[in-house]
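Working notes, structure below.
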Amino acid sequence: MAPKDDGETGQGPVSPAAQHTEPGPGGPEQREDGDRATDTVNVPAPRAREPWPRTGAEGGGPATGAATGAAPEAEPPTPGSGTTGTPPAPSAEQAAGPAPEAAAPAQPVLTARLSLPSLIVLSVAAAALAVATCAHLFAVFLHVAPSNTASERFQEPVDDWIYPEFEQNWRLFAPNPLQQDVAVHARVRVVDEQGDSEISGWVDLTQRDVDNIRGSLVPSHVDLNILRRAWSFYTGNHDAETEEGTGPRSRTAEDYMRRIAAQRFGETVNGGRVVEIQLRGATTPIPAPPWTSEQIDTTTQYRELPWWPVSEEDYR
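When you line the sequence shown up against this note's numbering, it's residues 20 to 335, in that order.
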């Protein structure tokens, strides 16, 4: 149906989408054909789809919008691609992406500052520790190094520092390991309040250490080595026949052995005060294995040491 020309207003044809009938005061208007007009609502006209851009001018050869005076047409969609045209360009907000999150406020860094006296104390302690470490390493070096002028000159202070705690040896790599069981026994002389003296029986100190070690997942280093090393230290610096010292460390070995044994007994035994102590070594050769023809005498040999007086210094 062609739009009517409104002669009264002098305007051209009006499209049906642009027509708008307003009801008068008396109700809806009556058309000429007698039909009752209904209220109408303006609906915007659909925007016409732009034609597909041309990929070339007629007659061959590429043509651009600038050359033809028209906007270039987009290529038609490929069948089955699921698209109906060129997707619209993203807006400025979409192109910019999501707005960055606001940065979290920086947390204040708390730094502890030491006072001047504290810095002085720490500096002095660090310097003393460094000097002590260097001195210890130098003493160990002189101890294990071949004999030279420096080791001979400082032999006495070096030995006093190294023995017995920091002794260095190669027994771990000895080609002939020990084939004897060595035990240390001790007995004491006690004096009671009436002045009577009494000698106790021999006590196997090594067996006590073995009992403490057996069944322990983490045995004590004292139970493992201190008594054994003390006896080895003593026998290495004393003559087996006369028990006279054979080196500059013989006196130290005696004091070390006596103090270990005295502290195992304590200051009093059987109600009496300990005044003297005596030690002996019991050496028993290990029997030969059954698959050899070697014959070994397994008789225990004893080495008794002289009686040593015990003082309060031995218990410190």
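Backbone N, C-alpha and C fix where the C-beta goes; we use that ideal spot for every residue, glycine too.
- Taking 8 angstroms as the cut-off, the Cβ atoms of Thr319 and Thr303 count as close.
- DSSP places Ile232 within a helical segment (H, G or I) once states are collapsed to three.
- Distance from the CA atom of Leu324 to the CA atom of Arg292, rounded to whole angstroms, is 21 angstroms.
- For Leu236, the number of other beta carbons within 10 angstroms of its own is below 16, and it is reported as exposed.
- Beta-bridge analysis with DSSP links Arg206 to Gln297.
- Between Val329 and Glu273, the CB-CB gap reaches or exceeds 8 angstroms.
- Just so you know, the alpha carbons of Ile315 and Val201 end up roughly 16 angstroms apart.
- Each of Ala169, Ile279, Arg322 and Leu161 was checked against the Cα of Trp180, and the nearest Cα belongs to Leu161.
- Boundaries of the alpha helix (DSSP H) around Glu175: Gln174 to Ile181.
- Taking 8 angstroms as the cut-off, the beta carbon of Ala280 is found no closer than this to the beta carbon of Leu197.
- A distance below 6 angstroms between beta-carbons, with the five flanking residues on each side excluded, links Asn231 to the following residues of its chain, in chain order: Asp242.
- Under the three-state reduction of DSSP output, Arg270 falls in the helix class.
- If you compare the alpha carbons of Leu135, Trp221, Arg299 and Glu175 with that of Tyr321, the shortest gap goes to Arg299.
- Contact between Trp326 and Gln297 holds: their C-beta atoms lie close to 5 angstroms from each other, under 8 angstroms.
- Here Tyr334 is exposed: its Cβ has fewer than 16 other Cβ atoms, across all protein chains shown, within 10 Å.
- The bridge partners DSSP lists for Val241 come to none.
- When DSSP states are grouped into helix, strand and coil, Pro328 belongs to the strand group.
- Taking C-alpha positions only, Arg172 is separated from Ser166 by approximately 10 angstroms.
- The straight-line gap separating the alpha-carbon atoms of Gln187 and Gly290 is approximately 42 angstroms.
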